[in-house]
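Here is the structure we will look at, set down as structure tokens.
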Amino acid sequence: MCKSVVVPADGTVEGTGATMSDVTTPDAAPRDAGSPASGDRRMRADARRNHARLVEAARTAFAARGSDASMEEIARTADVGVGTLYRHFPRRIDLVEAVYREDVDALVARSDELAVTAPPWEALAQWLEAFVAYAATKRTFLTELHEAFGKSPDLAVSSRERISAASGRLLARAQEAGLARTDIDQRELMQLVGGMCMGRGSTLEGNLGLLTFVLDGIRAR
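Each number in the numbering used here comes from the position in the sequence shown (counting from 1) with 1056 added on.
Structural data, given as structure tokens:
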């Protein structure tokens, strides 16, 4: 005989109050919240949440204090124990790399988003503003970033290629619309903007101001 039992719906996570579904399962044994499978799901959800908290806390700490930011401070800001931090990131350089990878991912995703939500010129301008903000956060821990590149030699190359491709798509779109000059390519554009961001004594506010001159210079006449 079939009997109705309550099992967690797919995708339930700890503490979300997700809806429980009544399903009919032939001769199925009830699975309660204390079962091994349910416990595994909770552990995975906790691990993902802690990982995200640690990366965000590290991003903030590195941007503010660079190499002076301590692992203990990052763990405290993320509201986890130091042991949890080191389980996720056994070495400080692993955390630096995680922050960098996620920031590159976000920058590339922003390009994809703007390509479908903003007009060509506005998309290019807004993405370059996002790049300037991204570059500003890297100045405070360049030494550690270079160590991360040494640990993962492909990291800098692949990231640079992805960022160049993202800028190239938006620049080409603006050029095709007749809004950007056609005598500049994405390599030259990023050399110009990237070099500006790495200038000695440069600031986010100052670089955003300089970007207006760059944009004016590449606008089609």
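Glycine included, each C-beta is placed from N, C-alpha and C at the ideal position.
Bear in mind that the values here come from a model prediction, so they are computed numbers and not experimental data.
How should residue i be labelled, buried or exposed, when 16 other C-beta atoms within 10 angstroms of its C-beta is the threshold for buried?
i: Gln1247; result: exposed
i: Ser1167; result: buried
i: Glu1169; result: exposed
i: Val1138; result: exposed
i: Arg1225; result: buried
i: Glu1128; result: exposed
i: Pro1082; result: Residue confidence for Pro1082 is low, a pLDDT of 34 falling below 50, so the modelled location carries little weight and cannot support an answer.
i: Val1152; result: buried
i: Arg1143; result: exposed
i: Ala1165; result: exposed
i: Ser1126; result: exposed
i: Phe1269; result: exposed
i: Pro1209; result: exposed
i: Arg1109; result: buried
i: Arg1229; result: buried
i: Ala1222; result: buried
i: Ala1103; result: exposed
i: Pro1176; result: buried
Just how far apart, CA to CA, sit residue i and residue j?
i: Gly1265; j: Ile1130; result: 32 Å
i: Ala1120; j: Phe1197; result: 10 Å
i: Leu1235; j: Glu1200; result: 39 Å
i: Met1254; j: Phe1187; result: 12 Å
i: Val1213; j: Val1249; result: 18 Å
i: Glu1261; j: Arg1195; result: 14 Å
i: Gly1206; j: Arg1277; result: 44 Å
i: Val1111; j: Leu1141; result: 10 Å
i: Ala1089; j: Val1136; result: Summary for Ala1089: the model assigns pLDDT 45, below 50, so the residue's position carries little reliability; its value from the coordinates is reported in the next sentence. The straight-line gap from Cα to Cα measures roughly 24 Å.
i: Glu1185; j: Arg1105; result: 29 Å
i: Gly1257; j: Ala1101; result: 42 Å
i: His1107; j: Tyr1156; result: 14 Å
i: Leu1227; j: Thr1259; result: 25 Å
i: Ser1123; j: Glu1244; result: 31 Å
i: Ala1114; j: Ile1274; result: 36 Å
i: Thr1116; j: Ile1149; result: 16 Å
i: Phe1145; j: Glu1217; result: 26 Å
i: Asp1159; j: Ile1219; result: 11 Å
i: Tyr1190; j: Leu1163; result: 8 Å
i: Arg1132; j: Ala1233; result: 50 Å
i: Glu1203; j: Thr1193; result: 17 Å
i: Thr1238; j: Ala1134; result: 47 Å
i: Leu1180; j: Asp1272; result: 12 Å
i: Thr1173; j: Arg1147; result: 39 Å
i: Ser1215; j: Ala1154; result: 13 Å
Taking the DSSP output, what are the residues bridged to residue i?
i: Arg1121; result: Answer is none; Arg1121 lacks a bridge partner.
i: Arg1275; result: Ala1236
Just reading off the alpha helix (DSSP H) that residue i is part of, what are its end residues?
i: Leu1235; result: It is not in any alpha helix (DSSP H) - Leu1235 carries neither H nor E in the DSSP assignment.
i: Gly1251; result: 1242-1253
i: Gly1139; result: 1138-1144
Could you check whether the Cβ of residue i sits closer than 8 Å to any Cβ belonging to chain C?
i: Asp1150; result: Among the chains of the structure shown, chain C does not appear; only one protein chain is present.
Could you tell me which whole beta strand (DSSP E) segments of length 3 or greater appear in the stretch 1123-1206? none
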